[in-house]
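Residue numbers (the numbering used here): 19 to 131.
Glycine included, every Cβ here is placed at the ideal spot set by N, Cα and C.
Put into structure tokens, the structure is as follows:
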């Protein structure tokens, strides 16, 4: 058991060393990476159906949410959707995002190297 107070016999641990980022295999400057939030931003304003699921439900059997709307904004850990019928806005953490179904062709990054 570790004592909760400092004594001269208690050894202090050194913080871990931070390694500089490696540059091999880095993406070319100005080229977007194909993360979900970047793809959602590319398709901002296009109508789609967004599906989310939650680990803990408020009511039994109510652990999913489907929103018919458009992306207003997307960040690394969240997406802001506007529902088409009601203009109601949702802020969802990306950890709950399952998939999106778009009505029209989706925009995506140039696949040329």
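So, is residue 87 buried or exposed, given that buried needs 16 or more other C-beta atoms within 10 angstroms?
Counting Cβ neighbours within 10 Å, residue 87 comes out buried, since at least 16 surround it.
Checking 8 Å against the spacing of the C-beta atoms, do residue 89 and residue 115 come in under that value?
It is not a contact, given that the beta carbons lie outside the stated cut-off.
Is DSSP giving residue 19 helix, strand or coil here?
With a pLDDT of 48 at residue 19, under the threshold of 50, the modelled position of this residue cannot be trusted; read the value that follows with caution. In this structure, residue 19 counts as coil in the three-state DSSP scheme.
Identify whether residue 86 lies in helix, strand or coil by the three-state DSSP scheme.
Here residue 86 sits in strand by DSSP.
Inspect the beta-carbon positions of residue 66 and residue 120 and report whether they are closer than 8 Å.
For residue 66 and residue 120, yes; Cβs fall inside 8 Å.
From the DSSP output, in three-state form, read off residue 122 for me.
It is coil, neither helix nor strand.
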